[in-house]
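Residue numbers (the UniProt record's numbering), protein chains in the order written: chain A, 1 to 423; chain B, 1 to 423; chain C, 1 to 159; chain D, 1 to 159. Even glycine gets a Cβ: it sits at the ideal position worked out from N, Cα and C. Read the structure below first, then the notes.
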Amino acid sequence: MLTDAEVSRIRNDFPILGQEVNGHRLAYLDSGATSQKPQCVIDAEVDFYSARNSAVHRGAHSLAVAATDAYEAGRADTARFVGAATNEIVWTKNATEALNVVAYGLANASAGLGGAEAERFRLGPGDSIVATQMEHHANLIPWQQLARLTGAEFRYLPLADDGRLELDGLESIVDSSTKVLAFTHVSNVLGTINPVARLVARARQVGALAVLDACQSVPHMPVDFHALDVDFAAFSGHKMLGPTGIGALYGRAELLDALPPVLTGGSMITTVDMDSVEFMPAPQRFEAGTQPVAQVVGLGSAVGYLTELGMDNVAAHEAELAEYLVAGVDRVPGVRRIGPDAAGERIASVAFEVEGVHAHDVGQYLDAQGVAVRVGHHCAQPLHRRYRIAATTRASAAVYTTQEDCDQFLGALADVRKFFGVS
Amino acid sequence: MLTDAEVSRIRNDFPILGQEVNGHRLAYLDSGATSQKPQCVIDAEVDFYSARNSAVHRGAHSLAVAATDAYEAGRADTARFVGAATNEIVWTKNATEALNVVAYGLANASAGLGGAEAERFRLGPGDSIVATQMEHHANLIPWQQLARLTGAEFRYLPLADDGRLELDGLESIVDSSTKVLAFTHVSNVLGTINPVARLVARARQVGALAVLDACQSVPHMPVDFHALDVDFAAFSGHKMLGPTGIGALYGRAELLDALPPVLTGGSMITTVDMDSVEFMPAPQRFEAGTQPVAQVVGLGSAVGYLTELGMDNVAAHEAELAEYLVAGVDRVPGVRRIGPDAAGERIASVAFEVEGVHAHDVGQYLDAQGVAVRVGHHCAQPLHRRYRIAATTRASAAVYTTQEDCDQFLGALADVRKFFGVS
Amino acid sequence: MSDLEQLYQQIILDHAKERYGNKPLIGDTGQGRSPLFGSSHQVNPTCGDEITMEVEIDPDTGRLAVRWDGQGCSISMASASVLSELAEDLDAAEFEEVREAFHELMHSRGKVEADEELLGDAAAFQGVSKFPARIKCALLSWMALKDSLAQARTAGGSQ
Amino acid sequence: MSDLEQLYQQIILDHAKERYGNKPLIGDTGQGRSPLFGSSHQVNPTCGDEITMEVEIDPDTGRLAVRWDGQGCSISMASASVLSELAEDLDAAEFEEVREAFHELMHSRGKVEADEELLGDAAAFQGVSKFPARIKCALLSWMALKDSLAQARTAGGSQ
Ligand SMILES: Cc1ncc(COP(=O)(O)O)c(C=O)c1O
Ligand SMILES: Cc1ncc(COP(=O)(O)O)c(C=O)c1O
């Protein structure tokens with residue numbers, strides 16, 4: 001657990017949090033969309049550009065060596081942080097790209113690329129791809145597109161009223177035709193933590209690849225991909241105190257080495273001629289062109305910062321905030337929250353609608369009180385349609401979030417309906 | 001033109017250039033691989049993270065508005081810089097991704113995605129795709145892969161002995177079957193500036209799309225995509241004083257709006273259901289997920305810096321360096337340079353081999369004298385094979401390069417053969 | 001008045017409730033409608049707000065009749081309501097003039113004074129222009145009417 | 001001695017010229033070769049350097065015979081030359097021991113003292129370990145021999 005003193009020391013590490021917004025103290029409760037950056041992350045990038053910037057894996061000169069060292073240290077640190085081997089981490093620009101790399105890798109294999117090794121990845125008519133109704137569009141549309149490209153069938157696991165997955169039909173929806181089971185570790189709207197073990201077990205039973213969207217878990221709790229036993233996973237740097245422009249794909253080593261590459265270009269081939277090409281093993285085969293080098297270095301620093309705090313402590317702190325926010329929101333009259341109640345089964349991301357006031361208007365009112373929340377469908381339209389809401393307001397926390405932030409938010413929320421004349 | 005005083009003032013804007021390497025003043029002549037960053041670019045990112053960082057195009061709160069403004073200003077500034085309309089600039093992580101987006105867009109269209117509007121982009125057996133023998137792998141392998149995916153034929157325009165394209169066969173190689181003509185504006189090895197007008201005219205005659213790799217032109221000379229009349233173009237931020245992790249695809253507006261998207265996910269659709277999806281118009285349709293926001297802001301600052309210097313001045317300065325380097329290298333005994341001689345037809349990027357000394361060893365010796373150059377095939381294996389060299393050494397300049405850098409390099413180069421006992 | 005109060009002026013909150021012109025739609029197969037008919041569906045992709053706007057041009061007078069259905073925030077609903085009221089007294093050319101003035105006002109970042117004569121109740125949206133994220137909300141119905149009007153005129157042309 | 005001089009010791013420059021073991025290859029269809037034969041082609045993707053390494057195991061003595069062809073920088077050529085000379089006196093198990101020591105030395109970043117007894121001329125590569133970008137050059141032929149040896153042993157197993 002983090003003490004109050006520790007949390008306010010942490011807050012001081014984030015320069016942006018000290019500012020005033022619209023005449024109020026900033027209560028940043030939009031960490032589910034993107035997190036703020038501690039000074040050490042900002043400094044790591046500045047230091048890189050000021051002393052070590054160079055092309056990596058390409059030059060023999062001293063700067064290139066320094067840059068390559070920094071870059072690969074970022075990979076090793078990040079891999080350790082998520083329970084992966086170093087060569088199981090592929091850099092992407094964001095989690096969305098990471099999920100697309102898997103989908104297009106399968107599409108390429110299905111179109112006959114990648115030779116015999118890639119045969120295991122082929123899919124076509126008669127096969128099925130399964131996602132869930134709570135997915136972020138990043139873990140939904142790539143699979144729908146893959147289904148279109150290959151003729152496979154797209155299916156989904158539905159949501160129950162309480163914000164959990166409805167798994168009664170798991171055995172019939174994920175069946176022997178299923179080649180991919182893609183699901184989120186934690187819902188970015190409901191905050192629900194999904195039962196990974198149960199879903200992975202079913203994927204294993206039918207021989208499907210288990211693809212995990214770990215965007216909302218890696219920043220908020222200890223995550224170990226080897227222990228979770230998933231085949232692929234995706235997460236984003238910018239949500240875990242790191243820079244924008246960097247994300248990662250985790251894949252089991254033997255899968256990554258066999259999956260056909262997607263983006264092609266420099267630094268990912270061994271030889272190319274005008275009529276033939278040989279690709280390098282992972283991770284390089286997926287890292288065509290100049291990579292987000294400074295951003296990897298920045299992410300390495302973020303991972304170091306989180307490791308020092310201890311992800312158990314981070315999770316405990318945020319679990320406390322989750323309980324506080326859920327209880328607080330539920331106390332406000334005229335507010336309908338979606339997502340599970342129970343502590344331990346959710347993260348501190350709380351979405352709700354305010355009776356008679358559209359989410360945009362709620363967000364606008366809160367912003368005028370210095371409270372930054374997100375409004376809209378949060379890139380989860382099917383989920384919102386399931387609960388018959390066009391748009392919700394979402395307050396989401398991170399390690400630097402304090403009870404004071406929550407109180408400022410809850411206080412302002414209590415005034416919304418009065419302001420708009422609906423109570 | 002930039003005066004000597006101006007160039008040394010410019011040099012001072014780049015913190016990394018002040019350092020010593022191996023006991024020597026750093027002569028950074030690897031700008032062709034990646035450029036160094038002026039303080040203003042570094043500061044722009046720091047300022048963004050410290051005061052405005054937030055998700056863009058998604059939130060209604062004040063930080064989100066500030067972030068969105070900064071992000072879109074970066075787009076508008078970059079578009080103006082390359083002679084494009086604002087909505088004709090799509091952000092990617094690097095130029096490699098940009099070229100892949102075109103190739104996969106065509107592949108998706110060819111597989112039947114994108115509806116009637118995308119029919120113009122379909123290709124298949126009987127069609128041809130043409131690149132050149134001097135391409136960087138980034139503008140070569142994606143087209144070879146596209147040929148494999150669609151059954152189209154891959155062809156190339158060969159290189160002449162003098163480092164220029166051999167265009168005698170242009171009319172027969174680019175013929176009525178040709179759907180794509182992809183070529184680089186400037187060779188990253190030879191320094192050759194290609195005759196864009198002639199190539200575009202031929203593409204127009206046969207109805208092929210003209211795809212320009214502008215990686216080595218945009219940082220070094222004034223470039224206006226509308227004036228060049230190309231259909232698509234790609235360039236990278238890190239080569240033009242900007243951050244790593246950001247590149248751009250230019251496309252004529254009507255083409256971008258019709259090309260099927262490639263990466264799919266959040267913030268690029270209007271509506272999605274479990275069985276249908278509608279994509280936004282360009283540029284959003286190609287910008288799935290959280291974008292490299294801070295990097296766009298940094299690139300905007302780089303573009304501002306270059307604009308203030310004036311790209312005509314930059315080009316004139318570098319033309320002078322080109323002449324100086326070419327003449328200097330040609331004077332060193334036992335050195336064989338590849339690429340054109342003439343000023344005006346090349347940029348200040350000079351590749352050569354040293355008789356009896358492998359490029360790796362040349363580079364190592366130069367590095368010990370503080371001179372950073374690149375050695376290898378520079379992601380242009382077919383070009384090297386054409387000239388029967390496995391690897392060359394390349395010295396490449398940028399706006400901050402001085403004559404002193406060149407002298408330090410030329411002096412060290414003159415000693416290489418003696419050190420290795422071959423003269 | 002704070003920025004927030006300027007944004008949510010009483011007149012806007014009232015229109016958001018009243019929803020002038022929010023009526024059952026005729027639809028493509030509608031009976032008894034003018035031959036000069038157009039319909040447009042617009043979506044705000046950020047929040048999923050949507051509106052369908054139908055317009056008929058009176059073949060004799062050139063006057064517009066507008067009806068709409070949709071859901072959204074108070075700004076988008078109020079805007080549709082105000083627009084429906086305004087449009088009643090306009091022909092297509094006059095609407096275009098008002099639309100341009102409204103468009104300019106929205107992109108003024110609070111620096112242009114609204115022309116109340118021309119804009120009527122729509123002048124109250126001046127406060128929106130200080131909130132760039134909300135401009136799309138205010139413009140959604142105007143875009144839909146512009147689009148449906150173009151269709152209605154094409155329908156006329158193709159007769 | 002500067003780092004550069006440590007990297008390019010005379011012994012390395014000499015081996016780079018001498019290219020011990022650089023002989024015409026036998027190839028897959030070679031006549032008169034040992035039944036315990038293996039061949040491996042390795043490429044350094046950064047610079048396009050490449051080497052093909054062939055090995056025969058003497059069925060009676062277990063001794064290795066090595067030949068190679070390739071092109072590359074002085075470090076990779078010298079390494080192949082040194083390796084060929086060393087390998088002559090070794091059997092497969094002994095090679096593996098030497099290879100591990102060499103591998104460790106290369107990744108020591110200059111912090112491990114080379115075991116000259118075990119490594120012979122290969123001890124001169126200690127200076128390479130301070131140049132991370134060149135380690136691949138030094139290891140290229142060793143990887144190729146390891147790989148071809150694995151094949152040669154499998155060839156034996158499948159007899
Ligand atoms: C001519 C050319 N094209 C493409 C690229 C690829 O650019 P990036 O690595 O930034 O994707 C480069 C640089 O490496 C280049 O010089
Ligand atoms: C659950 C989930 N998946 C995927 C994403 C997409 O991440 P990114 O936008 O960084 O690609 C997000 C965040 O937007 C998310 O919350």
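Contact of residue 74 (chain D) with chain B is assigned, a C-beta pair being separated by under 8 Å. Residues of chain B whose Cβ lies closer than 7 Å to the Cβ of residue 46 (chain D) are, in chain order, 376. Relative to ligand 2, the beta carbon of residue 10 (chain D) is positioned no closer than 7 Å to any heavy atom.
Counted as a single uninterrupted DSSP element, the beta strand (DSSP E) harbouring residue 71 (chain C) occupies residues 64-71.
For residue 9 (chain C), no CB of chain A lies under 8 Å from its own CB, so it is not counted at the interface with that chain.
Taking 8 Å as the cut-off between beta carbons, none of the residues of the segment 313-341 of chain A comes near chain C. Distance from the CA atom of residue 102 (chain D) to the CA atom of residue 116 (chain D), rounded to whole angstroms, is 11 Å. For residue 64 (chain A), the residues of chain D that pass the 9 Å Cβ criterion are 133, in the order they occur in the chain.
Taking 7 Å as the cut-off, the C-beta of residue 40 (chain B) does not count as close to any heavy atom of ligand 2. In this chain, the beta strand (DSSP E) harbouring residue 41 (chain D) covers 37-44.
Under the three-state reduction of DSSP output, residue 1 (chain D) falls in the coil class, being neither helix nor strand. For residue 262 (chain B), no beta strand (DSSP E) encloses it, and the DSSP letter there is neither H nor E. By the rule that beta-carbons nearer than 8 Å mark a contact, residue 186 (chain A) does not touch chain B.
Sequence-distant partners of residue 126 (chain A) (beyond 5 residues in either direction) whose C-beta falls short of 7 Å from its own C-beta, in its chain, are 177.
Residue environment analysis places residue 333 (chain B) among the exposed positions, since fewer than 16 neighbouring C-beta atoms fall within 10 angstroms of its C-beta. Contact between residue 80 (chain C) and residue 27 (chain C) fails: their C-beta atoms lie close to 18 Å from each other, not under 8 Å. For residue 344 (chain A), DSSP assigns no beta-bridge partner whatsoever. When rounded, the separation of the alpha-carbon atoms in residue 419 (chain B) and residue 409 (chain B) is 15 Å.
Under DSSP, residue 338 (chain B) forms a beta bridge with B:351.
With respect to the 8 Å criterion, residue 266 (chain B) and residue 289 (chain B) are classified as neighbours on the basis of their beta carbons. The alpha-carbon of residue 327 (chain A) is positioned some 22 Å away from that of residue 217 (chain A). Judged by DSSP in its simplified three-state form, residue 30 (chain B) adopts strand. Taking the Cβ atoms as the reference, residue 119 (chain D) lies roughly 17 Å from residue 91 (chain D), outside the contact range of under 8 Å.
Of all residues in the segment 58-89 of chain C, those with a C-beta nearer than 9 Å to a C-beta of chain A are 71, 72, 73, 74, 75, 76, 77, reading in chain order. Along the segment 54-84 of chain A, the positions whose C-beta sits under 7 Å from a C-beta of chain B are 54, 55, 58, 59, 60, 61, 62, 63, read in chain order. Residue ranges of uninterrupted beta strand (DSSP E) with 3 or more members, entirely inside the segment 156-212 of chain A and ordered along the chain, are 178-184. At a cut-off of 8 Å between beta carbons, residue 43 (chain C) contacts chain B.
Taking the beta carbon of residue 129 (chain B) as reference, no residue of chain C falls within 8 Å; the closest one sits roughly 34 Å away. For the segment 410-421 of chain B, the residues whose beta carbon sits under 8 Å from a beta carbon of chain D are, in order, 419, 420, 421. For residue 107 (chain A), no beta strand (DSSP E) segment is defined; the enclosing uninterrupted segment is the alpha helix (DSSP H) at 95-110.
Spanning the alpha carbons of residue 149 (chain B) and residue 259 (chain A) requires a straight line of approximately 16 Å. Chain D places a beta carbon closer than 8 Å to that of residue 269 (chain A), counting this residue as a contact.
C-alpha of residue 36 (chain C) to C-alpha of residue 286 (chain B): approximately 37 Å in a straight line. Within the segment 268-322 of chain A, the beta strand (DSSP E) runs of at least 3 residues that lie entirely inside it are, in chain order, 269-273, 276-279. Within chain D, the residues 45 have their CB atoms less than 7 Å from the CB of residue 280 (chain A), given in chain order.
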